[in-house]
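These notes are about the structure you will find just below.
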Amino acid sequence: MSTAHYTTANDGRRYQRTILLLTIMLFGLFALAVAGIVPYWLLLLTTPILIVRWMLAVHEIFHICATEQLDWVTRLLPLALTPLFLGYREYRDIHFRHHHYMCTPNDPEYFQLKGGYLSGICNAVTAPEQALYLWLKTHRITPTLAWQFVLHLLLFTSMIYLAGWHFLYYWLPARISYGVSNFSFFYLLHRRGHEYGVYKAHITGIIASLYQLLFGLDALRATQHHDVHHANPRIVAHKLNTTSAPISTHQ
0 MSTAHYTTAN DGRRYQRTIL LLTIMLFGLF ALAVAGIVPY WLLLLTTPIL IVRWMLAVHE
60 IFHICATEQL DWVTRLLPLA LTPLFLGYRE YRDIHFRHHH YMCTPNDPEY FQLKGGYLSG
120 ICNAVTAPEQ ALYLWLKTHR ITPTLAWQFV LHLLLFTSMI YLAGWHFLYY WLPARISYGV
180 SNFSFFYLLH RRGHEYGVYK AHITGIIASL YQLLFGLDAL RATQHHDVHH ANPRIVAHKL
240 NTTSAPISTH Q
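Structure representation (structure tokens):
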């Protein structure tokens with residue numbers, strides 16, 4: 000395969016700019032709503048789109064940039080989903096172990112694959128808390144992680160203080176879209192009935208066009224060709240459709 004398919008340092012810089020821009024947009028719209036410049040209900044429409052795009056950009060940059068190469072905002076991963084949230088270093092480690100131990104009990108995302116659809120949805124929605132719990136079971140709290148916990152707690156409580164119950168206009172669509180995205184990328188792309196593996200998603204026609212319009216070409220290709228991504232994570236997302244990989248399953 001030509002290395003032209005592979006991610007480069009330029010892709011890393013592009014994703015980092017995207018993450019920063021989406022973060023500014025998320026909290027900028029929230030600030031405008033608090034100031035009364037835009038209605039709170041607008042967050043119900045914008046937050047899901049921005050969250051999913053943010054998640055895809057973070058996923059892609061995992062495979063390009065080490066923690067030390069990133070700005071402090073990206074290292075923090077400030078989504079205000081929960082009062083305590085792991086940072087980039089921890090989630091990158093989790094993601095790499097997901098690739099290495101995919102669909103086995105050693106896969107740190109294995110909890111998202113268990114049970115039926117209802118169980119999968121519940122695990123996806125509570126993934127931030129479960130990831131935190133599982134991390135703290137096997138890792139100590141470093142000074143950097145402790146400082147990040149403080150910043151996450153300050154961000155979460157400050158948003159509640161500023162918006163009151165209107166905070167739910169941000170928090171509910173953020174949690175739901177984060178959970179749906181997790182469910183889609185883990186349960187739906189790694190389960191086929193009782194089989195565990197990694198599979199394509201057959202998104203075509205008008206659904207594919209709408210998906211791309213809302214979430215971008217990278218998100219569409221990463222969903223359609225998740226099996227190719229697992230076969231070679233170095234391939235840049237929007238070129239995943241230019242090659243193929245066998246479906247791998249685990250009974």
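Note that numbering that gives the first Met the number 0 has the sequence shown beginning at 0, numbered continuously upward. Cβ coordinates follow ideal geometry from the N, Cα and C atoms, glycine included.
Between A56 and W40, the alpha-carbon positions lie close to 25 Å from each other.
In this structure I234 is buried. Its beta-carbon is surrounded by 16 or more other beta-carbon atoms within 10 angstroms.
If you look at G163, you'll find it isn't in any beta strand (DSSP E); DSSP assigns it neither H nor E.
Burial is judged here by how many other beta carbons sit within 10 angstroms of a residue's own beta carbon; I18 has at least 16 and is buried. Counting only the Cα atoms, Y87 lies some 6 Å from L75. In the structure shown, the three-state DSSP call for E67 is helix. Between T66 and the set P127, L187, R96, G11, the nearest pair of CA atoms involves G11. For the alpha helix (DSSP H) assignment, the uninterrupted runs of no fewer than 4 residues enclosed by the segment 172–218 are, from N- to C-terminal side, 204–214.
Per the coordinates, the alpha-carbon of R52 lies some 30 Å from the alpha-carbon of T137. Beta-carbon to beta-carbon, L20 and A173 are separated by about 17 Å, too far to satisfy the 8 Å threshold.
Around the Cβ of H201, a 10 Å sphere holds fewer than 16 other Cβ atoms; the residue is exposed.
Straight-line measurement puts the Cα of Y109 at about 11 Å from the Cα of H94.
Shown here for Q15: same chain residues with a beta carbon closer than 8 Å to its own, the five before and five after excluded, namely I60, C64, L69, D70, T73 in chain order. Residue pairing from DSSP places Y5 in a beta bridge opposite I234. Nearest C-alpha to F148 among V179, P82, Y198, T242: P82. In the three-state DSSP reduction, D106 falls in the coil class, being neither helix nor strand. Contact between P232 and H99 is ruled out by a C-beta separation of about 11 Å, above the 8 Å threshold. Annotation for Y132: the continuous alpha helix (DSSP H) segment containing it runs 126–137. Boundaries of the alpha helix (DSSP H) around V51: 41–61.
Within the same chain, Cβ atoms closer than 7 Å to the Cβ of L239 are found at R220, A221, H224, V227, H228, the five residues on either side in sequence being excluded.
Look at I18 here: in three-state DSSP terms it is helix.
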